[in-house]
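S.K.: Numbers in my numbering are just positions in the sequence shown, counted from 1, shifted up by 2.
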Amino acid sequence: MDLIKTEKKSRQINTVRKEDQSKIFKKNFDLYLLLIPGIIFIFIFKYLPMYGIVIAFQNFNIFDGIRGSEWVGLAQFQKLFHSPQFYQVFRNTLLISIYKIIFLFPLPIFIALVLNEIRVMFYKRTVQTIIYLPHFLSWVIVSGLVINVLSPSTGIVNNLIIACGGKPISFLMDNHWFRTVLVASEGWKEVGYSAIIYIAAIAGIDQEQYEAAKVDGAGRIQQIIHVTLPGIGSIILLMFILRLGGVLQAGTEQILLLYNSVVYETGDVIGTYVYRMGIGQMDYSFSTAVGLFESVIGFILVISGNYLSRKASGRSIW
Numbered sequence: 003m004d005l006i007k008t009e010k011k012s013r014q015i016n017t018v019r020k021e022d023q024s025k026i027f028k029k030n031f032d033l034y035l036l037l038i039p040g041i042i043f044i045f046i047f048k049y050l051p052m053y054g055i056v057i058a059f060q061n062f063n064i065f066d067g068i069r070g071s072e073w074v075g076l077a078q079f080q081k082l083f084h085s086p087q088f089y090q091v092f093r094n095t096l097l098i099s100i101y102k103i104i105f106l107f108p109l110p111i112f113i114a115l116v117l118n119e120i121r122v123m124f125y126k127r128t129v130q131t132i133i134y135l136p137h138f139l140s141w142v143i144v145s146g147l148v149i150n151v152l153s154p155s156t157g158i159v160n161n162l163i164i165a166c167g168g169k170p171i172s173f174l175m176d177n178h179w180f181r182t183v184l185v186a187s188e189g190w191k192e193v194g195y196s197a198i199i200y201i202a203a204i205a206g207i208d209q210e211q212y213e214a215a216k217v218d219g220a221g222r223i224q225q226i227i228h229v230t231l232p233g234i235g236s237i238i239l240l241m242f243i244l245r246l247g248g249v250l251q252a253g254t255e256q257i258l259l260l261y262n263s264v265v266y267e268t269g270d271v272i273g274t275y276v277y278r279m280g281i282g283q284m285d286y287s288f289s290t291a292v293g294l295f296e297s298v299i300g301f302i303l304v305i306s307g308n309y310l311s312r313k314a315s316g317r318s319i320w
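1) How is the alpha helix (DSSP H) around Ala149 delimited, first residue to last?
2) Using the Cα positions of Leu310 and Leu303, report the straight-line distance between them to the nearest angstrom.
3) What span of residues does the alpha helix (DSSP H) with Ala58 cover, start to end?
4) In this structure, how does DSSP classify Trp73 when only helix, strand and coil are distinguished?
5) Can you tell me whether Val242 is helix, strand or coil according to DSSP?
6) State the DSSP-derived secondary structure class of Val249, mapped to helix, strand or coil.
7) When DSSP labels each residue in this structure, what does Asp218 get in the three-state scheme?
8) Give the DSSP-derived three-state secondary structure of Pro86 in the structure shown.
9) One question on the structure: do Ala252 and Gly282 come within less than 8 Å of each other, judged by their Cβ atoms?
10) So, helix, strand or coil for Pro154, using DSSP?
11) Are there three or more Cβ pairs, one per stretch, closer than 8 Å when the segment 282-296 is compared with the segment 50-57?
12) On a Cα-Cα basis, can you pick out the residue from Trp73, Thr230, Leu106, Arg69 that is closest to Thr182?
13) Which word fits Pro110, buried or exposed, when buried means at least 16 other C-beta atoms lie within 10 angstroms of its C-beta?
14) Are the beta-carbon atoms of Gln224 and Tyr212 separated by less than 8 Å?
15) Out of Asn161, Leu239, Ile227, Met175, which one is the CA nearest neighbour of Ile199?
16) Measuring alpha carbon to alpha carbon, tell me which residue in Glu192, Gly67, Glu72, Pro51 is nearest Asn61.
17) Does the Cβ of Glu210 have 16 or more other Cβ atoms within 10 Å, making it buried, or fewer, making it exposed?
18) Which class does Ser318 belong to by DSSP, given the choice of helix, strand or coil?
19) So, Thr1 versus Asn160, is the Cβ gap smaller than 8 Å?
20) Rank Glu188, Pro51, Ile132, Gln80 by C-alpha distance to the C-alpha of Ile68 and give the top, closest one.
21) Report all residues from its chain with a CB closer than 8 Å to the CB of Tyr261; omit the five preceding and five following residues, and keep chain order.
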């Protein structure tokens with residue numbers, strides 16, 4: 003009898019939920035209507051191009067097209083994993099991405115925390131504007147600036163080194179310095195803009211929590227530790243999981259504009275390798291296989307990061 007009552011109650015709850023969902027949909031019908039253009043855009047430009055993935059399993063011939071090209075199964079992936087260049091490229095991608103996460107992921111959080119503590123609005127807005135601006139420059143312009151600033155003959159950095167009694171350094175042609183240049187230039191360009199998300203998250207924290215902390219005698223550092231950081235914890239977690247998904251990207255556009263054959267040993271990553279093989283040698287099937295491998299690893303990292311986060315902290319993206 004109890005089992006029958008439980009089933010009836012469960013059905014009633016499901017029925018009520020369906021009715022509620024139907025009411026919510028009707029009430030917000032105009033908002034759902036606004037979603038349609040975005041969904042169509044994503045479908046056309048994000049999902050339809052996925053059809054091209056199939057050439058990773060072919061010997062694609064541009065004249066025969068996808069339908070006429072020979073199917074080779076996993077041969078392109080076997081070629082990828084047996085390529086001696088692949089392991090160098092894979093290692094470079096991981097190292098550059100890890101360096102960027104270690105040095106650049108905490109910086110926007112730190113900047114947001116510091117800016118939140120500044121009480122002089124003019125100074126705060128001036129600093130915000132200055133650190134946001136580099137984001138709006140393209141990598142072409144930023145690369146030109148980096149090349150000029152680090153030039154061995156006329157760059158300001160080498161002029162300072164020479165003035166201090168040192169010898170000029172070819173930063174962009176030295177395998178010991180190239181990864182440092184990549185991390186530093188991306189930090190200058192993107193860290194300020196990335197802080198916006200955390201500043202917005204901090205603005206959403208209930209001010210009564212700060213008042214309660216002050217009543218309890220908490221100083222500004224203690225308020226940051228016990229109120230601000232827990233308040234933006236979910237945003238930090240979300241951004242970290244999304245960052246994991248891009249681990250194998252490592253900044254392809256940036257590296258393409260800054261590197262050269264001398265620093266392939268430390269600077270050649272999966273994205274640039276795909277470009278060189280696909281565009282340079284017109285091996286479209288192989289470059290698609292490399293790109294597919296990169297995407298699958300990124301997807302696995304996002305899923306794993308989300309799962310581990312849910313297990314460890316009870317918070318996750320979905």
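Think of the CB as a built atom: it goes at the ideal place given N, C-alpha and C, for glycine as much as any other residue.
M.R.: Let me spell this out:
1) Here the question's residue 149 lines up with position 147 in the sequence shown. First, the residue type needs correcting, since residue 149 is Ile and not Ala in the sequence shown. Ile149 -> alpha helix (DSSP H) spans 141-151.
2) Along the sequence shown, one-based indexing puts residue 310 at 308. Along the sequence shown, one-based indexing puts residue 303 at 301. Their backbone Cα atoms lie some 10 Å apart in a straight line.
3) For the purposes of this step, residue 58 is taken as the residue at position 56 of the sequence shown. Bounds of any alpha helix (DSSP H) do not take in Ala58, whose DSSP letter is neither H nor E.
4) Position 71 of the sequence shown, counted from the first residue, corresponds to residue 73. Trp73 falls in the strand class under three-state DSSP.
5) In the sequence shown, residue 242 corresponds to position 240, counting from 1. This sequence places Phe at residue 242; Val is not what is there. The answer is helix: DSSP assigns Phe242 an H, G or I state.
6) Taking the first residue of the sequence shown as 1, we reach residue 249 at position 247. In the structure shown, Val249 sits in coil (DSSP, three-state: anything other than H, G, I, E or B).
7) Position 216 of the sequence shown, counted from the start, is the residue given in the question as residue 218. In this structure, Asp218 counts as coil in the three-state DSSP scheme.
8) As a first step, residue 86 must be located in the sequence shown, where it is residue number 84. It is helical.
9) For the purposes of this step, residue 252 is taken as residue 250 along the sequence shown, with counting starting at 1. For the purposes of this step, residue 282 is taken as residue 280 along the sequence shown, with counting starting at 1. No.
10) To locate residue 154, count along the sequence shown from 1; it is residue 152. Coil, per DSSP.
11) Judged by Cβ distances under 8 Å, the segment 282-296 makes contact with the segment 50-57, as three or more pairs qualify.
12) What you label residue 182 is simply residue 180 of the sequence shown in a count that begins at 1. Of the candidates Trp73, Thr230, Leu106, Arg69, Leu106 places its Cα closest to the Cα of Thr182.
13) The residue you call residue 110 lines up with position 108 of the sequence shown. Label assigned to Pro110: buried.
14) Along the sequence shown, one-based indexing puts residue 224 at 222. Along the sequence shown, one-based indexing puts residue 212 at 210. Going by C-beta atoms, Gln224 is not nearer than 8 Å to Tyr212.
15) In the sequence shown, residue 199 corresponds to position 197, counting from 1. Among Asn161, Leu239, Ile227, Met175, the Cα nearest to that of Ile199 belongs to Leu239.
16) Here residue 61 is taken as the residue at index 59 of the sequence shown, counted from 1. Distances from the alpha-carbon of Asn61 to those of Glu192, Gly67, Glu72, Pro51 put Glu72 closest.
17) Residue mapping note: residue 210 aligns to position 208 of the sequence shown, counting from 1. Glu210 counts as exposed, since fewer than 16 other beta carbons sit within 10 angstroms of its beta carbon.
18) Translated into positions along the sequence shown, residue 318 becomes position 316. Coil at Ser318, not helix or strand.
19) Given that the chain is displayed from residue 3 to residue 320, the structure contains no residue 1 and the question cannot be resolved.
20) One-based indexing of the sequence shown puts residue 68 at position 66. Measuring from the Cα of Ile68, the nearest candidate turns out to be Pro51.
21) What you label residue 261 is simply residue 259 of the sequence shown in a count that begins at 1. Cβ neighbours of Tyr261 within its own chain (closer than 8 Å, five residues either side excluded): Leu174, Phe180, Gly269, Asp270, Thr274.
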